[in-house]
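A short write-up of the structure that comes next.
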Amino acid sequence: MPTIPISEAKPEYDVVIVGSGAGGGQMAYALTLAGLKCVMLEAGRSYDPVTETAMFQRGDQAPLGGSSTPEKDFGFFDATIDGGWTVPNEPYTQASDKPEQEFKWWRARMLGGRTNHWGRISLRNGPYDFKPCSRDGLGFDWPISYETLEPYYTRVERLIGVYGSNEGLENTPDSPAGVLQPPPKGRVGDLMTQKAGKKLGVPVVPIHRAVLTKALDGKKLAAKLHPGDKKAQKIVADSMTQRAPCFWATACGRGCSIKANYQSTTVHLPPALATGNLDIIPNAHAREVIVGKDGKAKGILFIDKTTGKEERVKGKAVVLAASSGETVRILLNSQGGEGVANSSGLVGKYIMDTVGSNLRGQIPALESIAPHNDDGAGGSHFYSPWWEYEAQKKGQLDFARGYHIEIGGTRSMPRGNSPVPGNFTKGLYGKKLKEEARRYYGSFIGLACRGEMIPNENSFAELDPDVKDKWGIPVMKWHWKWSDHELNMAAHAQKKFTEMIEAMGGTAMPNPNKPGSKSILRGGEVIHEVGGALMGADPAKSVVNEWNQSWDIDNLFLCDGSPFPSNADKNPTLTIMALAWRAADHIIEEARKGNI
Amino acid sequence: MDNQNSTTRLPRRKVLQWFATVAAVDLTTIPGFAQAPHEATGYGTDPDLTITYSPGDVWDLTLSDAERKAATALADVILPADDLGPAASEVHLIDFIDEWVSAPYPRQKGDRNVVIPGLKWIDEESKTRFQKDFADLTEAQQEAICDDLCAEKPKTPELAKNARFFDRFSSICQGAYYSTPEGWAAIGYVGNTPSGVFNGPPQEVLDQLGLEQTVKD
Chain A
100 MPTIPISEAK PEYDVVIVGS GAGGGQMAYA LTLAGLKCVM LEAGRSYDPV
150 TETAMFQRGD QAPLGGSSTP EKDFGFFDAT IDGGWTVPNE PYTQASDKPE
200 QEFKWWRARM LGGRTNHWGR ISLRNGPYDF KPCSRDGLGF DWPISYETLE
250 PYYTRVERLI GVYGSNEGLE NTPDSPAGVL QPPPKGRVGD LMTQKAGKKL
300 GVPVVPIHRA VLTKALDGKK LAAKLHPGDK KAQKIVADSM TQRAPCFWAT
350 ACGRGCSIKA NYQSTTVHLP PALATGNLDI IPNAHAREVI VGKDGKAKGI
400 LFIDKTTGKE ERVKGKAVVL AASSGETVRI LLNSQGGEGV ANSSGLVGKY
450 IMDTVGSNLR GQIPALESIA PHNDDGAGGS HFYSPWWEYE AQKKGQLDFA
500 RGYHIEIGGT RSMPRGNSPV PGNFTKGLYG KKLKEEARRY YGSFIGLACR
550 GEMIPNENSF AELDPDVKDK WGIPVMKWHW KWSDHELNMA AHAQKKFTEM
600 IEAMGGTAMP NPNKPGSKSI LRGGEVIHEV GGALMGADPA KSVVNEWNQS
650 WDIDNLFLCD GSPFPSNADK NPTLTIMALA WRAADHIIEE ARKGNI
Chain B
3 MDNQNSTTRL PRRKVLQWFA TVAAVDLTTI PGFAQAPHEA TGYGTDPDLT
53 ITYSPGDVWD LTLSDAERKA ATALADVILP ADDLGPAASE VHLIDFIDEW
103 VSAPYPRQKG DRNVVIPGLK WIDEESKTRF QKDFADLTEA QQEAICDDLC
153 AEKPKTPELA KNARFFDRFS SICQGAYYST PEGWAAIGYV GNTPSGVFNG
203 PPQEVLDQLG LEQTVKD
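For the record, the sequence lines run as chains A and B. Heads up: the first sequence begins at 100 in our numbering, then just goes up one per residue. Heads up: the second sequence begins at 3 in our numbering, then just goes up one per residue.
Laid out in structure tokens, this is it:
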């Protein structure tokens, strides 16, 4: 996509945006369409999914069948560039060498950031999720309610295109009529899980994902999104007509060259660039927020990775949307390491991830069924929203918050690794092996817990006093500890998944009913890191206000997951975008008043 | 795309070929030159994803002729031609196996340390039992050795050790075989084809499983 070198940057912009993912992309979209001049800094290279995505490439056309390596952690075809669990030249450190206290940090160094490969699961937080502390006394309430954010959820869903259904379930909001795209048909794994769920009282319903199942009506949608603004309507409608609906093949994690799914690079950035109001500077590794003597943010100090030199861009306002960990790093490194926006002392505190715990089952009924196309929309079709609110209210569970269940596909494309676990074909070779592989292939269902972590004092990030990156910038040091709430949730999920697999007539594998400490994924492993600069109503107890605006520096906004005061089981991306759009409206309003 | 990393995308083999044509010195005299397999670099964190790769494009293939001969024969015993699909050798599995054990990543280096001694052992065992290399044995002779490796309780510690090699080798073969279109047909994967609609599982599958499609048109 079109970018500029720093030498071509304007002397000053209205807004400097750090990061090009969900938050930065949404911010750039809203601000540039409103006429504000913006510059976006991206730490990685430019990237164009239309020309760079591996769409139909098969495993036998890639090194090692496309299986994962330390250079491509999620496999050769995954969209992630210059990233993964490690990023060249940019280390991070652990406060503890205990494995259970490790935090794994996934980063991408590319335009669009992690939106290029994410699962596209787009769930709204429900009303309870904004007031968790009021409900159970744990963690923190948000300074806004569901009703406040609801119009922005609707706007984002209209813009990015989300499939799903309205089920009227508790704390699982419906979207207004006509907003969602039609959900895809259930696949064998979805329908089996749904039937088993019925026996056990676990609802299994269509999930919400940012994938188009039909073409967008660009003109109509643009008129709803930008009423009265003919220019914006035209740009947005044009961009929407460039997107094709899903053609029911290829995994979304590769990215999408036909723009059927949401990624910042296919949905947010093209219309923002079309306004002529956005400059993008790639390979710009942000180091500090520049703060003037008047206490206002003046711009960003960054390293141009192509030259290794320090550079500056100036703006009347600054938006950090670099991811929780990076935003914390930039804030703490500012003012020569003294830090900014941190009068509360809370920058870096209360970082959360999602509770992850997985179990697979082998289902004899699925053996040797007729081969058929199970690719679907390249990701989840069905899921289980949290269903045990009543039991929790009565104190029957030993953890306070909920999880949803994601259902793993059965007949997915084999790629590099043996498609059937070795213990099912052990001791076999020849014709018998091929017959047994065919028999068992597609007979496995994976269930994944994705649950709410409650913020705690032991999970935070700070600057490492010793370790610096290639450019001499102090790096993040992670502290991590799950509380009993998360460990007990994982144990509950393992037990429930075993019941569900057994209700399908199957066997959980390898060994079900493990304790939470043995079955919970590492911190960060679900790649939902949020928090670190919490939003609140009290400047002494939070870093930003309800507009994602720093209490200390009123022209500094944090528009990634860092302001989340809680991390509901709902995947964070949709909420990041809704909050960013709301903050953008606030910036536009303040700019009109001359306050920015 | 920027071109900063374009040199790292060049296959090492081609770089060496180029270097050989311009260098005035005998490359083999440079210390470390001969250690290509484990000094080899991977495809980096920004490989071109839109092109088709063949084994040997990114790092050199390193198995000796004897190792390739044994591996080809063993792969065909594990995945022979039958009514489900062609033999391993017909889809050039040996090149994938060679690429796998020559790769510069930890998992594959670990496999190399199992596969190369295993291939050596299977030829030695063949000579001890039948006075020929594994590849030159009759089908029944090859199967006699494989049956011993596949026994639930291998009879000797040596067989137990090489049963682990057999498992690993078989897993690599299956990973490779089922990544090919022929392998997809053999295992029953259908897909990777664009379509205007997605109808979900066919009615016969739903009927067989006693399921109902709950997402209606």
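Ideal Cβ placement from N, Cα and C applies to all residues, glycine included. The structure displayed is predicted, hence computed values, not measured ones.
Counting C-beta pairs closer than 8 Å gives fewer than three between the stretch 540-548 of chain A and the stretch 561-572 of chain A, which falls short of the contact rule.
Excluding its 5 nearest sequence neighbours in each direction, B:D169 has no C-beta neighbour in its own chain below 7 Å. Taking 7 Å as the threshold, the shortest C-beta distance from B:G58 to chain A does not fall below it.
Taking a Cβ-Cβ cut-off of 7 Å, the neighbours of B:I189 in chain A comprise P513, P518, A536, R537 and Y540, given in sequence order. In the structure shown, A:V412 falls within a strand segment according to DSSP collapsed to helix, strand and coil. Rounded to the nearest angstrom, the Cβ distance from B:F200 to A:W347 is 4 Å, consistent with a contact under 8 Å.
Proximity of chain B to A:D473 at the Cβ level (cut-off 8 Å) is accounted for by V192, G193 and P203, in chain order. DSSP places A:K171 in the strand class (E or B) of the three-state scheme. Following the DSSP letters along the chain, one finds A:T340 inside the alpha helix (DSSP H) bounded by residues K329 to T340. Between B:T158 and chain A, the shortest Cβ-Cβ separation is not below 7 Å.
With contact defined as three or more Cβ pairs closer than 8 Å, the stretch 69-81 of chain B and the stretch 93-108 of chain B are in contact. Annotated as distal: A:V439 and A:V642, with beta-carbon spacing of 7 Å or more.
Counting only residues of its own chain and dropping the five nearest sequence neighbours on each side, A:H685 has a CB closer than 6 Å to the CB of W646. Secondary-structure assignment with DSSP links A:A383 through a beta bridge to A:D403.
In the assembly as shown, A:Q648 is a buried residue. Its beta-carbon has 16 or more other beta-carbons within 10 Å.
Here DSSP, grouped into helix, strand and coil, assigns A:Y251 to helix. Excluding sequence positions up to five before and after A:F596, its CB lies within less than 6 Å of the CB of L458 and L546, all in the same chain and listed in chain order.
B:A178 has a beta carbon lying within less than 7 Å of a beta carbon in chain A. The beta carbon of A:I306 sits closer than 7 Å to the beta carbons of I220, G263, S479, H480, F481 and Y482 from its chain, once the five residues preceding and following it are set aside; these are given in chain order.
Counting only runs that start and end inside the stretch 628-686 of chain A, the beta strand (DSSP E) elements of at least 3 residues fall at 655-657. The Cβ of B:D84 sits closer than 7 Å to at least one Cβ of chain A. In the assembly as shown, B:T47 is a buried residue. Its beta-carbon has 16 or more other beta-carbons within 10 Å. Its Cα nearest to that of A:E170, the residue A:I180 stands out among A:I180, A:A121 and A:G164. Partner residues in the beta bridge of A:G460, as assigned by DSSP, are A:I544 and A:A607. Residue pairing for A:C137: DSSP places it in a beta bridge opposite A:V114 and A:L377.
Taking C-alpha positions only, A:V335 is separated from A:Q341 by approximately 10 Å. For A:G529, the nearest beta carbon of chain B is closer than 7 Å to its own beta carbon. For A:K567, there is no enclosing alpha helix (DSSP H); the enclosing beta strand (DSSP E) covers residues F559 to K567.
When DSSP states are grouped into helix, strand and coil, A:S423 belongs to the helix group.
In the three-state reduction of the DSSP assignment, A:Q293 falls in the helix class. At a cut-off of 7 Å, the C-beta of B:L211 has a neighbouring C-beta in chain A. The beta carbon of A:W217 sits no closer than 7 Å to any beta carbon of chain B. At a beta-carbon threshold of 9 Å, the residues of chain B lying near A:V287 are G202, P203, V207, L208, L211 and L213, ordered along the chain.
Around the CB of B:Q205, fewer than 16 other CB atoms lie within 10 Å, so the residue is classed as exposed.
Proximity of the stretch 257-273 of chain A to the stretch 292-309 of chain A meets the contact definition, three or more beta-carbon pairs being nearer than 8 Å. Under the DSSP assignment, A:G622 falls outside any beta strand (DSSP E); it carries neither an H nor an E label.
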